[in-house]
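Residue numbers (the numbering used here): 89 to 743.
Here is the structure we will look at, set down as structure tokens.
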Amino acid sequence: MAREPVSALQLNLPLRLRWSSIRSLPSRIIIFFFDLVYQLVQLFIILLFKPPTPKSQQQPSVEPFGRIAVIGAGLTGVSTAAHCIAHNFDVTLYDSRTPSIFICPFTAHPRARPNRKRIRRWDLVPCKLHFGTADQLPYIPFLSRRLLARRLSEARRDPGRWVFLLSLSAERTTSGDWEWTLIDTVLLSEEIRRIWEEYKLDVRTKLKTEVVKVERVPGTGPVSKEDKSKESDKPLPRSQWLVYTSGSDQPDGPFDAVVCTIGTCGDPIRVHFDGTEEFERARGRVVHSSELDQLGTEGSDEQHNEEGKSESSGEGPDTSSTDVLTEAQPEQGISYADKVKASTESLDEDTDGGKGKDSEGPKPLNIKGKTVAIVGSGASGVEAAEWAVEKGAGKVLLLARDDKWIIPRNVVFDTILAMQPFGREMPLSFVVESFLRKFHYGGLAPAVAPQNKGLFAGTPVVNDVILDYIREGKMDYIRCSTERLTSKGVVCKYHGSDKEVEFDANIVILATGFKRPSTDFLPKDLFPPEYDRPNLYLQTFSAEDWSVLLTNAAYMNALGTVGHFHIGIYTRILLTFLLDKDARPAADDMKLWVDVLRFIKRGAPGGALGFFTYAELTIWFLAFHLFRPSRLRWIFFIMQGWGVTHEDAGRFKVE
Numbered sequence: 089m090a091r092e093p094v095s096a097l098q099l100n101l102p103l104r105l106r107w108s109s110i111r112s113l114p115s116r117i118i119i120f121f122f123d124l125v126y127q128l129v130q131l132f133i134i135l136l137f138k139p140p141t142p143k144s145q146q147q148p149s150v151e152p153f154g155r156i157a158v159i160g161a162g163l164t165g166v167s168t169a170a171h172c173i174a175h176n177f178d179v180t181l182y183d184s185r186t187p188s189i190f191i192c193p194f195t196a197h198p199r200a201r202p203n204r205k206r207i208r209r210w211d212l213v214p215c216k217l218h219f220g221t222a223d224q225l226p227y228i229p230f231l232s233r234r235l236l237a238r239r240l241s242e243a244r245r246d247p248g249r250w251v252f253l254l255s256l257s258a259e260r261t262t263s264g265d266w267e268w269t270l271i272d273t274v275l276l277s278e279e280i281r282r283i284w285e286e287y288k289l290d291v292r293t294k295l296k297t298e299v300v301k302v303e304r305v306p307g308t309g310p311v312s313k314e315d316k317s318k319e320s321d322k323p324l325p326r327s328q329w330l331v332y333t334s335g336s337d338q339p340d341g342p343f344d345a346v347v348c349t350i351g352t353c354g355d356p357i358r359v360h361f362d363g364t365e366e367f368e369r370a371r372g373r374v375v376h377s378s379e380l381d382q383l384g385t386e387g388s389d390e391q392h393n394e395e396g397k398s399e400s401s402g403e404g405p406d407t408s409s410t411d412v413l414t415e416a417q418p419e420q421g422i423s424y425a426d427k428v429k430a431s432t433e434s435l436d437e438d439t440d441g442g443k444g445k446d447s448e449g450p451k452p453l454n455i456k457g458k459t460v461a462i463v464g465s466g467a468s469g470v471e472a473a474e475w476a477v478e479k480g481a482g483k484v485l486l487l488a489r490d491d492k493w494i495i496p497r498n499v500v501f502d503t504i505l506a507m508q509p510f511g512r513e514m515p516l517s518f519v520v521e522s523f524l525r526k527f528h529y530g531g532l533a534p535a536v537a538p539q540n541k542g543l544f545a546g547t548p549v550v551n552d553v554i555l556d557y558i559r560e561g562k563m564d565y566i567r568c569s570t571e572r573l574t575s576k577g578v579v580c581k582y583h584g585s586d587k588e589v590e591f592d593a594n595i596v597i598l599a600t601g602f603k604r605p606s607t608d609f610l611p612k613d614l615f616p617p618e619y620d621r622p623n624l625y626l627q628t629f630s631a632e633d634w635s636v637l638l639t640n641a642a643y644m645n646a647l648g649t650v651g652h653f654h655i656g657i658y659t660r661i662l663l664t665f666l667l668d669k670d671a672r673p674a675a676d677d678m679k680l681w682v683d684v685l686r687f688i689k690r691g692a693p694g695g696a697l698g699f700f701t702y703a704e705l706t707i708w709f710l711a712f713h714l715f716r717p718s719r720l721r722w723i724f725f726i727m728q729g730w731g732v733t734h735e736d737a738g739r740f741k742v743e
């Protein structure tokens, strides 16, 4: 058989690619060795700190030390439950989601979680203990964007199919160069599922099960001071708990402790502006920033419809995780009270019981060449602005009623910031702020950087490109309060002026944050008025009862990582309380801890517990042991996770 002639183009293409590979060889070698060292360090951490996995389905249930209820099966919930199993505590994991949404978060309903792209606000490079277990998330710096996009596209076409990206080795793009990428939610969800299965949590998880009430077992828990005086020689009994779920008359339990891991990001806050209906009738669309992943943006509307129909809707997953990664409440600034009517639409109302318009998939959104106005300048607003520019918007207007600090996505710089031990503004904080203004903001500092708000007063936005987009004229940053919508666009008032200005816009994106998930299913007496979230013992334990833990559910603002080793430490502190009655704090002691911290941080702009740094959190953990010497024998268990396994069933028991 005769061979076909080879054209010059076919000959030159491999040569060009090869020459490109040769030119980039030094940098590729450096990156390769960096990645190799990173993976070796990662392996060492896993071998040193990974909690033991159960050898059989029944291992934690043969002689468990106790039973724990974990409410919320997101990143934090799965990590918490895995720690309990590893240390011979049986668990029941509750989540109101369907199995398909639990497995594939990108198929979830847009109103229940932030965008897929922003996993969290901090750089993902240092998340070596991201799930609270030492079995860390593998970081793949060489995964190509094209490969990731292809895998996500495959998963959207077949949501029931699991796409394993973690098993992929480094691949090159068509240009022959390596590309860096942030880990996508699909990677995180795969890692969550792997831990979920490895620690035998699949048989202990109740999906599509909403917890409606948690109450004490009668005769357990703290008693009144009068009863205590009558029985002074009798130790106070610890609490045990019953969990009531929807659709069941009989409670589950009793449980020795309850861990609430519902996160801080609930339903979107939808601000209804006057004139919204007029704007939508005339020319535009009004969408929430959480919906952007569900809306098509490229090509024709017909193409978007095909993609939109492939996405499933339903109740979205908890992002306790993710973190902690979106606004847990509306941005602070100029009040909307006299200007707009705030109305948050519930999932049930929007979906009309699954029979409304959402059942047909979201209407596609085409922003190419159009003007996009974004209401809100927090992390959601900055992310939406970046998204709009990347999708080809003609002009992007970021309407900021309150300036947020924007810091670079640099692992060294961000770690240094999180190492500030005081958790508040200090006399020398201006040094860091001046550094950011000069070297990060540059000439944009007067127009974009906060003027009267310190860096250590709230969670900053981590972004590398948004300032470049402003410099290049692709977007405008406008300090103003949004008044209303018109048929042409958005009417605003510049800060410090009563004059109204109208900006033309085709699309309005509401980056107004999310409501905090409710904890109404917990007893009200757990959270007295002055000791409600975030004013809790160690920022997570109820100040009235140490057997109720709210991991990543009381968080408001911080400089640090929402999903890091503190998940495991908090869990092991709870387990220590159960195993050692001498280590347990009294309610008065827990309230005293909160009061002392309030005194130390009085006058702090972010509040005593409303803002903290990761270094401050570490100091809390160390003081927790040092101020109660009886806890020192547990320090290696609590801080490193060493000891207390199923092999110690004869030595320990819940007292």
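Backbone N, C-alpha and C fix where the C-beta goes; we use that ideal spot for every residue, glycine too.
Predicted, not measured: the structure shown is a model, and the values here were computed from it.
Per DSSP, residue i forms a beta bridge with which residues?
i	result
isoleucine 597	Val375, Ile462
phenylalanine 629	Tyr625, Leu637
leucine 573	Val578
alanine 157	Thr180, Val346
tryptophan 329	Arg304, Phe343
glutamate 588	Lys581
asparagine 645	Phe699
valine 549	Ile494
How many angstroms separate the CA atom of residue i from the CA atom of residue j?
i	j	result
asparagine 498	glycine 648	13 Å
lysine 587	lysine 581	6 Å
isoleucine 504	alanine 703	10 Å
serine 167	isoleucine 655	7 Å
histidine 528	alanine 599	24 Å
threonine 570	leucine 163	36 Å
asparagine 594	alanine 481	10 Å
aspartate 564	lysine 483	8 Å
threonine 297	glycine 160	10 Å
serine 334	valine 300	6 Å
glycine 561	proline 142	56 Å
valine 668	phenylalanine 740	It should be noted that the sequence gives aspartate, not valine, for residue 668. One C-alpha to the other measures close to 9 Å.
alanine 222	leucine 275	In this prediction, alanine 222 has a pLDDT of 31, which is less than 50 and means its spatial position is unreliable; what the coordinates show is noted afterwards. If I take the Cα positions, the gap works out to 17 Å.
glutamate 285	lysine 138	15 Å
lysine 486	aspartate 552	Here the sequence assigns leucine to residue 486, which means lysine is not the residue at that position. Rounded to whole angstroms, leucine 486 to aspartate 552 spans 16 Å at the Cα level.
valine 742	glycine 307	17 Å
valine 460	alanine 476	7 Å
Under a three-way DSSP split, which group does residue i fall into?
i	result
phenylalanine 712	helix
glutamate 151	coil
methionine 62	Residue 62 is absent from the model: the chain starts at 89 and stops at 743.
glutamate 618	helix
glycine 351	coil
serine 301	The question names serine, but residue 301 is lysine in the sequence shown. Here lysine 301 sits in strand by DSSP.
aspartate 683	helix
leucine 487	strand
glycine 54	Residue coverage of the chain in this structure runs from 89 to 743, which leaves residue 54 outside it and unanswerable.
isoleucine 495	strand
threonine 706	helix
lysine 612	helix
valine 689	According to the sequence as given, residue 689 is lysine; it is not valine. Coil at lysine 689, not helix or strand.
lysine 526	helix
glutamate 513	coil
aspartate 381	helix
threonine 664	helix
lysine 456	strand
leucine 295	coil
phenylalanine 602	strand
alanine 481	strand
Answer yes or no: does any C-beta atom of chain C fall closer than 8 Å to that of residue i?
i	result
proline 534	Note that chain C does not occur in the displayed structure, where there is just one protein chain.
Touch check for the stretch 627–642 and the stretch 346–357: three-plus C-beta pairs under 8 Å?
yes
Indicate whether the contact test is met: 3 or more Cβ pairs, each with one atom in the stretch 667–685 and one in the stretch 627–634, closer than 8 Å.
yes
Taking 8 Å as the cut-off, does the stretch 361–379 touch the stretch 653–667 (at least 3 CB pairs, one atom from each stretch)?
no
For the stretch 349–362 and the stretch 551–563, state whether three or more C-beta atom pairs, one from each stretch, are separated by less than 8 Å.
no
The stretch 130–150 contacting the stretch 111–119, beta-carbon criterion three pairs below 8 Å
no
If contact is defined by three or more beta carbon pairs under 8 Å, each pair taking one atom from either stretch, is the stretch 354–369 in contact with the stretch 601–614?
yes
Within 8 Å, do at least three Cβ pairs link the stretch 536–552 to the stretch 683–698?
yes
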